[in-house]
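Here's the structure, in structure tokens; my notes come after.
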Amino acid sequence: MEKSSPKAGNLPIAPRKPELLAPAGTIEVFETAVAAGADAVYIGAPFFNARELARHFSMAEVAAMIDHGHRHSVKVFLAMNSLVKEEELPKAVESLARLEELAPDGLIIQDLGLYYLLKNHFPKLRLHASTLMAAHNGPAVKRLAALGFKRIVLPRELTVPEIAALRAETGVELEVFVHGAMCFSYSGLCLFSSYQGGKSGLRGRCVQPCRRRYTWQGRKGPGSGYFFSMNDLQGLELLDQLRLAGVDSLKIEGRMRNASYVGNVVKGYRLALDKPDDREARREALKFLDLAMGRKPTLGYFPGPNPQDALTPHHSGNVGKFLGKVKTVRGQVVSVQLKEGVERGDRLRLHQEDSGDRQAFSLKVMGVGKRSVESAKVGETTNMLDVVTSMQVATSV
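When we follow the working numbering, the leftmost residue of the sequence shown carries the number 1057, and every step to the right adds one.
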């Protein structure tokens, strides 16, 4: 006989282990998530999704991914969770008509106007309430369930006991973010990007001003830091509590992440979910998460409402390995003494510490001395060509 955790509200054990839900922003990542063991994958709908800065899938690509997922017993959910303006409604209706024919396993939305169209004209589509609908309490969850939403994506700001209490009040499916980036504001309900960069996070165009370095009254040193840059959520050690709390789906954040990241994170959680009482499996799972090279991990709000480790203000929070500092810039060539090995084709990011600006680029040409090389080792000084041009292109996009 298994005893339920007091932190989970002494609820009965969930009827099955939670679904593992992975993100995908490209077809490569989608295929990686399926192969790594995800039970379900969520992708952006071709229009009106909250990752507007990402490349949109075509309808044909969405159809192919749904088919591929279903052939491997993997569900496919579409995120159409951006706000929709009046002049965009005809395009939204056209998109919904085509999506209904593709029969995804769920459509994630936040716009109540979109909800009205779906309920009245596209009733076959299964509705999931986005975390952007801010269901922080029982009445909100009950109301969304009464409206016909089959699943509620809960905000990241809830504790495990609060999640358990919501399960006790309703039978609707509950989805919880368990891994990935966190927002300084309430789960995406932030106007920082609109204020600082003129682009709305609620419209999928967040420019992430929270990731930049700020100074207090112009002070250097202790007076500056990454005061709004949250660490990454990592709830692996709380999987048992979340299961006992009645969570139906464990969601990994990261539709902008690459295949390596998503693959390693899915493998880690898959292993931990399939072997919950195996300590060696748990250690192996953590190794997979380390390989994903996320930011510093935190349990977020799961243990309590005032997490002490949610921020590391004097660390940039960059994702990836530190290659080294730029020694010289000559024309379009950047010279770096390497702290880690690098290969042609690697995706790199240049971080300017004074401004906090970051420019990402793919390494196409590099040399050591006067030799053109495919790879360079730790300690070598490599010259990376066309980096300045790449940075200018990245900045203009």
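Glycine is no exception: its CB is placed at the ideal position from the N, C-alpha and C atoms.
Rounded separation between residue i and residue j - CA only
i            : j            : result
residue 1268 : residue 1282 : 6 Å
residue 1096 : residue 1083 : 14 Å
residue 1324 : residue 1379 : 25 Å
residue 1272 : residue 1293 : 36 Å
residue 1453 : residue 1138 : The predicted model places residue 1453 with a pLDDT of 26, which falls under 50 and marks its position as unreliable; any figure quoted below should be read in that light. Whole-angstrom Cα-Cα distance: 20 Å.
residue 1335 : residue 1078 : 24 Å
residue 1242 : residue 1248 : 12 Å
residue 1320 : residue 1312 : 15 Å
residue 1419 : residue 1160 : 37 Å
residue 1099 : residue 1275 : 43 Å
residue 1176 : residue 1314 : 38 Å
residue 1377 : residue 1221 : 40 Å
residue 1216 : residue 1326 : 21 Å
residue 1168 : residue 1115 : 24 Å
residue 1240 : residue 1426 : 46 Å
residue 1383 : residue 1437 : 9 Å
residue 1301 : residue 1180 : 30 Å
residue 1244 : residue 1190 : 9 Å
residue 1120 : residue 1218 : 39 Å
residue 1164 : residue 1291 : 23 Å
residue 1263 : residue 1257 : 8 Å
residue 1341 : residue 1172 : 42 Å
Continuous beta strand (DSSP E) stretch holding residue i: start and end
i            : result
residue 1407 : 1403 to 1407
residue 1233 : 1229 to 1236
residue 1131 : 1131 to 1135
residue 1079 : 1075 to 1080
residue 1188 : Taken as a continuous stretch (DSSP letters only), residue 1188 belongs to no beta strand (DSSP E), as it is neither H nor E.
residue 1307 : 1305 to 1308
residue 1207 : 1207 to 1209
residue 1096 : 1096 to 1100
Beta carbon of residue i nearer than 8 Å to that of residue j
i            : j            : result
residue 1092 : residue 1130 : no
residue 1204 : residue 1183 : yes
residue 1186 : residue 1149 : no
residue 1089 : residue 1101 : no
residue 1255 : residue 1228 : no
residue 1361 : residue 1287 : no
residue 1440 : residue 1429 : no
residue 1105 : residue 1135 : yes
residue 1233 : residue 1309 : yes
residue 1266 : residue 1250 : no
residue 1328 : residue 1295 : yes
residue 1424 : residue 1395 : no
residue 1226 : residue 1201 : yes
residue 1398 : residue 1432 : yes
Three-state secondary structure (DSSP) of residue i
i            : result
residue 1313 : coil
residue 1126 : helix
residue 1427 : strand
residue 1336 : helix
residue 1299 : helix
residue 1252 : helix
residue 1167 : coil
residue 1356 : coil
residue 1113 : coil
residue 1383 : strand
residue 1176 : helix
residue 1202 : helix
residue 1284 : coil
residue 1265 : helix
residue 1258 : helix
residue 1194 : helix
residue 1321 : helix
residue 1162 : strand
residue 1422 : strand
residue 1450 : Confidence at residue 1450 is low in this model, with a pLDDT of 35, below 50, so its placement is unreliable and no value can be given for it.
residue 1327 : helix
residue 1247 : coil
residue 1342 : helix
residue 1367 : strand
residue 1062 : With a pLDDT of 40 at residue 1062, under the threshold of 50, the modelled position of that residue is not reliable, and no figure is offered here.
residue 1181 : coil
residue 1289 : strand
residue 1118 : helix
Beta carbon proximity, residue i to chain C, threshold 8 Å
i            : result
residue 1331 : Here chain C cannot be found, since the structure has a single protein chain.
First through last residue of the alpha helix (DSSP H) which encompasses residue i
i            : result
residue 1151 : 1145 to 1158
residue 1216 : 1216 to 1225
residue 1454 : No answer is possible for residue 1454: the residues shown for the chain start at 1057 and end at 1453.
residue 1085 : 1083 to 1092
Residues that residue i bridges to, as DSSP identifies them
i            : result
residue 1437 : 1393
residue 1399 : 1431
residue 1271 : 1280
residue 1417 : 1404
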